[in-house]
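This report concerns only the one structure given below.
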Amino acid sequence: MEELLKRDDQPLLKKESIISDLRLQIVGGELSPGVQLPTRYELERTYGVSRDTVQRALDRLLEEEFVFTNGRRGTYVSKYPPHLSRYALVFATHPEEGVSAVGMNSWSRFEEALYQQALQFPPTPMWRLSMYHGVGSTINGEDYRRLEQEVINHRLAGLIFAFDPVSLRNTPLMQDDRVARVAIVTSPTSVPEVTVSMFSFIDRALDFLAARGRRRVAVLSHRESSFPDNVYLASGVAARRMMMKRYWMQTANVRTAASADECVHLLMHPNQTERPDALIIDNDNLVEHAMRGLLAAGVRVPEDVEVVAHANFPLQTNALPVPLTRLGFDIRQIFNACFESMSAQRQDKPVPSCLTVGAVFDTEVESEWPGCAAF
């Protein structure tokens, strides 16, 4: 019985061996894009298998887009096989967990903006994008297992992590040097990075407020007051001869974003002897709650206070009857920087350890996907 089972396994094992061997020849460049594969008869003789086994192996490679058929002319290596053209956007969390601005969930506005723009990504034969969720929190989830198989079987050209992938350092996702990797992060990590410049956000916000004659600056931040960005902010305020009292720098956790309502209400309450005439909100998960605080305090915007609020463009936030100026980062420019980094990696060109995306006002955001040198 055991011997019979072994004989039954032979065609399957041989099929997998053919798939693996041809795939490696394609990935390694021995069979380059557009080249014709050996005929089925030649493959039968090379591998010592039946025509049916060869056909099943080619069907798999066809399904994986490593090859294509041209009628009776034969089978060819794809012009854009997956190891040269398919990229994965990898999230630590799931969109089903909700946006943190409406509760204590872990899916942020930034992740939502990435997700929405990935859905609208303009695919080309050389740049195709798919998404995987819940990968950072566990290596046992369905998407992780699926992604791991894609990497092991050379079906991806690159990985874009929407988080620091340090927890994955000992997994197959990080071990194949032929796969380009980049992480969208705010602090150094083990792979090339793309980050946003909060320094440019601060400078542009302060310049905007100073040009409107505002002098008393308050900040609602998701960072502690000792964070370098806030140190830079204090220096920028002083350089522009503006004023920012320490207790005008308030912090709200994005996981409990509703606290921003009471925080801003207290900050701008009519009983305060001195109130700010400018408010900077540096995280879009806090914006709606902060605006409710202004409304509760009876503050007129922009007459009493000018508001500059962070945004992840082109994602639209919930509309509130408060006029504010949106300043933030174009997610499409972040994607472009990721593709430029991965393109350099794949061409063995010098790769910057970090590419930085600057802040833009809503009036500066392009309606179409901005051009990218990698495309």
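Using the numbering used here, the letters of the sequence shown map in sequence onto residues 24 to 398. C-beta atoms are modelled at their ideal positions from N, C-alpha and C, and glycine is treated no differently. All figures in this text were calculated on a predicted structure; none of them were measured in a lab.
State yes or no: is the C-beta of residue i within less than 8 Å of the C-beta of residue j?
i	j	result
N335	R132	yes
P337	V260	no
S219	V205	The sequence given here places Val at residue 219; Ser does not occur at that position. Against a cut-off of 8 Å, the Cβ pair of V205 and V219 comes out as no contact.
T194	I225	no
A301	R239	yes
H333	I354	no
L81	T69	no
A283	L317	no
I49	R83	no
Q356	V322	no
H245	V277	yes
F439	Y255	Here the chain comprises residues numbered 24 to 398, so residue 439 is not present and cannot be evaluated.
Y110	P56	no
A241	P299	yes
S108	R151	yes
L179	E173	yes
L378	V217	yes
I need the boundaries of the beta strand (DSSP E) containing residue i, first residue and last residue.
i	result
Q273	M272 to T274
R278	Segment: none, R278 is in no beta strand (DSSP E) and carries neither H nor E.
V310	From DSSP, V310 is part of no beta strand (DSSP E) but of the alpha helix (DSSP H) over V310 to A319.
A206	A203 to I207
V113	R109 to V113
Run through the DSSP bridge pairs and tell me what residue i is partnered with.
i	result
M266	R239
C377	E216
L302	A241 and V330
Q59	Y99
F352	N335
T92	T98
F384	L350
In terms of residues, what are the limits of the alpha helix (DSSP H) holding residue i?
i	result
A141	R132 to L142
V77	R74 to E86
On the premise that residue j lies in contact with residue i, defined as a C-beta separation below 8 Å, what is that separation, rounded to the nearest angstrom?
i	j	result
R79	K38	5 Å
M154	Y167	So it is not a contact: roughly 13 Å between Cβ atoms.
L112	I183	5 Å
V328	M291	7 Å
A320	P293	7 Å
V58	V100	5 Å
L343	M314	5 Å
My parser needs the alpha helix (DSSP H) runs of 4 or more residues fully inside the region 145 to 191; what are they? Fully enclosed alpha helix (DSSP H) runs of 4 or longer: 165 to 175.
Continuous alpha helix (DSSP H) assignments of at least 4 residues falling wholly in the region 211 to 235: Listed in chain order, they are 221 to 234.
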